[in-house]
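Asker: Below is a structure I'd like to ask you about.
In my numbering, the protein residues as written are 51 to 437.
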């Protein structure tokens, strides 16, 4: 057993930390509060090759291992979770195209996506269908050598920048079970009838847009069907969500670590009754529990990532990492706020932003209740085991 990063992963983490300290931390509070889009940060991530995390090297990407993938989101989320979100949806979509796309789709899109010349996201959720993806109503009707798409998607990260945007839809609405009639179609920006209607107001997760998208008689060439075969969309998306859950778990870990770091620092600086508040047992108990939660989350996240690198399916592992790390993020953010006292409630302190960002990690990429169902089914079926 080896619980240490290898030399290459440590070097990669150090580069990321330097980037975050230099370009994200100094502006995160101000830009997040004003709603300013982090264009300059995105440009640097492009120069660093981070948009090619999940793109194979043959297409100009980094082809990063999953542990390095997790490190990327952990480190960036420590500085500003919203920026990590810009990279997250893009990376999931790139992974889908690289894993399931036709040769032409890979050659056409992956080099530009890897270099950040194009960006992308993933359009799954609808106003009346989130956890129950089989309940989506967006349809794609074949019309000669085109599909005509109609429907509405919501909570779409990178919607204003996605080109192409993979859209989960029903190519056979009458199929039973429903997933057999579901496909993913790559919709390019500027296609007539494809409209980004509005940015949704949010508690946290600012810096990146979350939008409603309208598809109204959108004609897309049949060659844009991901993988070239109808009826495989649900399986494609679910395979991608394993990677997506490692991404969200790592972002949650970053929030938890940042909250703990802020609490530890403040406990050593703040004085009460003539001594640092870190000398009081009540504060020490909070710090100890936060530290344990952060480290347990880290081990689960890296374990899931390492198992994925080993070629294993990681439904259970990614589910455990996502559920535990996201709840650790909420726990640490709240306890860090309590350590800070009244200042923790102030927008002038980082912990207030962490407290708003943390809850989304329990919802995104499948709620934690769904993660527990996935875990239980893997255990009961014998597909996975513990102990």
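Beta carbons are placed, not taken as given, at the ideal position from N, Cα and C, and that holds for glycine.
State yes or no: is the C-beta of residue 266 within less than 8 Å of the C-beta of residue 221?
Answerer: No. Outside cutoff.
Asker: Can you check DSSP and say which residues form a bridge with residue 201?
Answerer: 265
Asker: Locate the beta strand (DSSP E) running through residue 89, then write down its first and last residues.
Answerer: Run containing residue 89: none in the beta strand (DSSP E); it sits in the alpha helix (DSSP H), 89-97.
Asker: Would the region 402-411 count as touching the region 302-311 if we require 3 or more Cβ pairs under 8 Å?
Answerer: Taking a cut-off of 8 Å for Cβ pairs, the region 402-411 and the region 302-311 touch, as three or more such pairs fall below it.
Asker: DSSP three-state call for residue 53: helix, strand or coil?
Answerer: Residue 53: coil per DSSP, three-state reduction.
Asker: Leaving aside the five residues before and after residue 386 along the sequence, list all residues of the same chain whose C-beta is less than 6 Å from its C-beta, in chain order.
Answerer: 309, 312, 313 and 401
Asker: Report all residues from its chain with a CB closer than 7 Å to the CB of residue 428; omit the five preceding and five following residues, and keep chain order.
Answerer: 365, 366 and 434
Asker: Is residue 417 helix, strand or coil by DSSP?
Answerer: coil
Asker: Work out the CA separation of residue 125 and residue 72 for me, nearest whole Å.
Answerer: 13 Å
Asker: Could you pull the start and end residues of the alpha helix (DSSP H) that residue 279 belongs to?
Answerer: Careful: residue 279 lies outside any alpha helix (DSSP H) and carries neither H nor E.
Asker: Of the choices 339, 320, 218 and 237, whose alpha-carbon is the least far from that of residue 283?
Answerer: 218
Asker: When the Cα atoms are used, what is the spatial distance from residue 111 to residue 145?
Answerer: 11 Å
Asker: Are there 16 or more other CB atoms within 10 angstroms of the CB of residue 215, so buried, or fewer, so exposed?
Answerer: By the neighbour-count rule (16 or more Cβ atoms within 10 Å), residue 215 is buried.
Asker: Is it buried or exposed for residue 61, if we count other Cβ within 10 angstroms and need 16 for buried?
Answerer: exposed
Asker: Are the beta-carbon atoms belonging to residue 85 and residue 256 less than 8 Å from one another?
Answerer: In this structure, residue 256 lies closer than 8 Å to residue 85 by Cβ.
Asker: Would the beta-carbon of residue 306 fall within 8 Å of that of residue 347?
Answerer: yes
Asker: With distances taken Cα to Cα, identify the nearest neighbour of residue 295 among 420, 381 and 173.
Answerer: 420
Asker: Among all the DSSP beta bridges, which residues are the ones paired with residue 246?
Answerer: 263
Asker: Taking the straight line between their C-alpha atoms, what separation do you get for residue 207 and residue 254?
Answerer: 13 Å
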